[in-house]
Structures are given as C-alpha cells and as structure tokens.
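Peer 1:
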Amino acid sequence: MNAVSETPELLFVHEDQGIAHIILNRPRARNTVSFAMWEQFSAALDTLENATPARLLIISGAEGYFSSGGDVKLPPARGEGALALAARLEMGQRIISRVRALPIPTVAAVEGGAYGVAWSLAMACDMIFAADDARFAAPFLEYGLVPDGGAAWFLTKQLGRARAAEIIFSGRTLDAAEALSLGIVSRLVAPGTAVDEAVALGRTIGDGNRHAVELTKRMLHQAESGDLAATHALELVYCHTCQAGEEVPRARERFKARAAAKAAAKAAQ
Numbered sequence: 001m002n003a004v005s006e007t008p009e010l011l012f013v014h015e016d017q018g019i020a021h022i023i024l025n026r027p028r029a030r031n032t033v034s035f036a037m038w039e040q041f042s043a044a045l046d047t048l049e050n051a052t053p054a055r056l057l058i059i060s061g062a063e064g065y066f067s068s069g070g071d072v073k074l075p076p077a078r079g080e081g082a083l084a085l086a087a088r089l090e091m092g093q094r095i096i097s098r099v100r101a102l103p104i105p106t107v108a109a110v111e112g113g114a115y116g117v118a119w120s121l122a123m124a125c126d127m128i129f130a131a132d133d134a135r136f137a138a139p140f141l142e143y144g145l146v147p148d149g150g151a152a153w154f155l156t157k158q159l160g161r162a163r164a165a166e167i168i169f170s171g172r173t174l175d176a177a178e179a180l181s182l183g184i185v186s187r188l189v190a191p192g193t194a195v196d197e198a199v200a201l202g203r204t205i206g207d208g209n210r211h212a213v214e215l216t217k218r219m220l221h222q223a224e225s226g227d228l229a230a231t232h233a234l235e236l237v238y239c240h241t242c243q244a245g246e247e248v249p250r251a252r253e254r255f256k257a258r259a260a261a262k263a264a265a266k267a268a269q
C-alpha cells in the first residue's frame, strides 16, 4: 500500500490494481467528523474526480471502527454567515453528494458502528459491507437535532416512509443482521474483514472493460431519478460505446474458448 497523501484526520491511499481507499482517521474520537476531516475528504475527491476512474473506492474508519458521526465536542460553526451554525454540516453535505455522484463503484466498509452523519456517508456509497457485529443508528432527535447528511432521504428511498419514520423517530440502533434484511447493507462479513472483502471485490471489477464499469455506475445514478424510457435510451448509447472498443470481441473469444474447453472435457469423459 502506497500512501498518496496522509494527514492526521484522513488517509487517502491506493491499494493495488487501481483501488482507492479513504480512511476516516480520528480513532481516539471514534473517527467523528471535523472541519479538517471534511476538507481533506474534499481534496481526496478532487483527485478522484480529475483522474482516470478507479476500479473501486472504499471508505472505512481507522482501527476497526467506521465513525460515530459529528463530533459533539467540537463547535459545528464557522464564520458569520446566515447558516454559520450549520457550516460543518454543509461541508459534509457536499462531500456526501460528491461521493454519491462519483463515476466509480463505492463501498463503505463498516466495522464497529456507523452513526448519524457517518451512516449517511455510508448510505451514499453503492454498497455497504458490514461486519456482522456492526451497528447503525440515526439518534439525531436525542441531541435535539434533525436528521442530517441525507439520512431521512436515504432511509425513505430505501425503506419507504413508514419504516424510515420508525427508525428516525425512535432513534434506535439497528444491528447488522437487521440492516441486511432491510436492504441497507449489501453483505455481512466476519469482523475485521470488511476492507479485505471490499478489496477482493475491487480486484474483480473491470477485467472485461473498465469503461463499462464507469458507464454502469452512471446508469445506476441516473436510474434513481429517471424512468425506464430514459434508461433504455442511455443503454443504447452506452452499449454502442462498449461495442466500439476492443474489449467486447476479446471477451467473446474468451467465452468461446472456455465453452470449447468444457465441451472437449465433457466429450473425453
């Protein structure tokens, strides 16, 4: 693992085979977010947005814990603007929106817990790989706050209004098994292996055609707000783009070779 940049509050590294990894790095504060962390996150996204798309982006927390959300011990305000008391949140909203829009498959590798705005950040990813002992919660009302980071939007889109309302108004904690059953979590893994499982997935993505991976992510993003007709139109353009390259003919040849080998092995039995 070669560090691209390293700071006290966020690490941005590249694993092998083009896998990018952002690590929330305030372990003594349960990796809670701060102004500095959001600023460093923004710089990492600048790099990702202006480079050849990575195979996969993994977001995790240092020392076996994702994040407990906003740091209630630090002032959330900055400057003297009309919404100065929400300045840190506004920075986080920008980060979450940018993560959601990246033309790169994204995985939140959640160990320990993801609470508050950190849960929103995890839900902004395409997939959540969670340790089977991980926990999730949005206890905003307990602190006299409204849900932030898009928590109400993500949960309502995923679960419907009734289930989202029950989780938000109760402020209760979901275990990983329930989160999986609700479709919030993509995969349960053994504790301590969430990042490794995400890296293993990343190494399999894009072997056929890296451009197809990027275009597929763009299709998933459009599908959230578009209709079937718009999706079909986009499919035509993207399919044409993929067919015009060298990768699809090579993939066909590999498929035919595997089929011929299987047929020959069966005939020899």
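The numbers in the numbering used here rise by one with no breaks, and the one at position 132 of the sequence shown is 132.
Yeah, the Cβ is synthetic: ideal placement off N, Cα and C, and Gly gets one too.
To the nearest whole angstrom, what separates the beta carbons of L201 and V107, a pair I think is in contact under 8 Å?
Peer 2: 7 Å
Peer 1: Across which residues does DSSP place S60 in a beta bridge pair?
Peer 2: I23
Peer 1: With burial defined as no fewer than 16 other Cβ atoms inside 10 Å of the residue's Cβ, what is the status of A138: buried or exposed?
Peer 2: Residue burial annotation: A138 is buried, with at least 16 other C-beta atoms found within 10 angstroms of its C-beta.
Peer 1: Take G245 as the anchor and find which of R210, L228, R163, S68 has the nearest alpha-carbon.
Peer 2: R210
Peer 1: Just grab the DSSP bridge partners of A131 for me.
Peer 2: V189
Peer 1: Among residues of its own chain, excluding the 5 on either side of R78, which ones have a beta-carbon nearer than 6 Å to its beta-carbon?
Peer 2: A87
Peer 1: Thinking R187 and F129 are a contact (beta carbons under 8 Å), I'd like their distance in whole angstroms, please.
Peer 2: 5 Å
Peer 1: Can you tell me whether DSSP reads G113 as helix, strand or coil?
Peer 2: It is a strand residue.
Peer 1: Exposed or buried, what is E80 when buried is set at 16 or more other beta-carbons lying within 10 Å of its beta-carbon?
Peer 2: exposed
Peer 1: Could you name the residues of the same chain whose beta carbon sits closer than 8 Å to that of F140, not counting the 5 residues immediately before and after it, in chain order?
Peer 2: Contacts found: G116, V146, P147, D148, A151, I168, G171.
Peer 1: Using only alpha-carbon positions, find the residue among P76, L215, I96 that is nearest to F154.
Peer 2: Nearest C-alpha to F154: I96.
Peer 1: Going by alpha carbons, who is nearest to I22 out of G192, F66, R28, G226?
Peer 2: F66
Peer 1: Tell me, please, whether the stretch 66 to 75 touches the stretch 220 to 234 by the rule of three or more beta-carbon pairs shorter than 8 Å.
Peer 2: no
Peer 1: Pull the bridge partners of V107 from the DSSP assignment, please.
Peer 2: I58, M127
Peer 1: Comparing alpha-carbon positions, which option in A122, A84, L180, M37 lies nearest R100?
Peer 2: A122
Peer 1: Going straight from the alpha carbon of G206 to that of Q269, what length do you get?
Peer 2: Approximately 35 Å between the Cα atoms of the pair.
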